[in-house]
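Residue numbering for the sequence shown follows my numbering, beginning at 2 and increasing consecutively. Quick reminder that beta carbons are idealized off the backbone N, C-alpha and C, glycines included.
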Amino acid sequence: SHACTLSFTGYKMVDEAGSFGIPNYYYANAILKSRIEGLGSQVYSTPYVGSATCSACHGDYYTGTLQTLHPWKLRPKDEAIIVGQFPVTDTNGTEWTLADVDWVIGAHPKWKQRYIKIIDGAWRILPVQWNIATQEWVPYHADTWQTRDYRDSCAGCHTTGYDVNLKEWEEPGVTCESCH
């Protein structure tokens, strides 16, 4: 669809500019945000059918995708493999427990895992993340976490069928219809 072409063009621009590295994060974020906002209602120009429907004809591709990290970018806590060792106390002295976690970023973890708590309707990434390589907690936006909503800064790339106006998505994670 036209919406997919626009999304891919935004991704390709970021990829070609080498902007997935930490030093270029804000550049990449700005380009992708403008592309996602530019899509608006175009994303829904054709009905969204969901990955389960795709699997009926494309079972091998669907099964293969489940073995990657893409569909596990964002999952509800009960569908995630939690590796962070709770409880944890952040740099501001607040203790967080597993009961505070609603959603998990990196639900099949490889490098790091972040945790989301919904607070008064806002999706807040906790101010600590679990580093898998070092097996320790490290600060994550410790000074600004209370002002950052996951849906504004991350959901456009970590979900499928994201609507920037409604702040809702069709499927958590990067699934079939993110690209097709």
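Looking only at its own chain, which residues have a Cβ that is under 6 Å from the Cβ of residue i, when we skip the five neighbours before and after it?
i    : result
H159 : K74, L75
Y163 : A156, G157, W170
D91  : P128, V129
D144 : none
Q114 : V84, G85, G107, W131
Provide the residue span of the alpha helix (DSSP H) that contains residue i, from first to last.
i    : result
R152 : 151-154
A81  : Run containing A81: none; DSSP gives neither H nor E here.
T92  : Taken as a continuous stretch (DSSP letters only), T92 belongs to no alpha helix (DSSP H), as it is neither H nor E.
Note down the Cα distance separating residue i from residue j, rounded to an integer number of angstroms.
i    : j    : result
D61  : H181 : 15 Å
P77  : I117 : 9 Å
I119 : I106 : 13 Å
Y141 : N93  : 12 Å
V89  : C58  : 45 Å
S179 : E172 : 10 Å
V44  : V50  : Here V44 scores only 47 on pLDDT, less than 50, and its place in the model should not be relied on; the value that follows carries that caveat. If you take the alpha carbons of V44 and V50, they lie about 13 Å apart.
W112 : V139 : 13 Å
N166 : Q68  : 31 Å
E96  : F87  : 9 Å
T135 : T161 : 31 Å
To which residues of the same chain is residue i closer than 8 Å at the C-beta, ignoring the five residues directly before and after it?
i   : result
Y63 : S52, C55, S56, C177
I82 : A108, H109, P110
For the beta strand (DSSP E) containing residue i, name the first residue and the last one.
i   : result
L75 : 75-77
To which residues of the same chain is residue i closer than 7 Å at the C-beta, ignoring the five residues directly before and after it?
i   : result
E80 : A108
P72 : T66, G174, V175, T176
Continuous alpha helix (DSSP H) assignments of at least 4 residues falling wholly in the region 107-170:
Within the region 107-170, the complete alpha helix (DSSP H) runs of at least 4 residues are 151-154, 156-159.
With three or more C-beta pairs closer than 8 Å as the rule, is the region 118-129 touching the region 141-152?
Because the criterion of three Cβ pairs below 8 Å is met, the region 141-152 and the region 118-129 touch.
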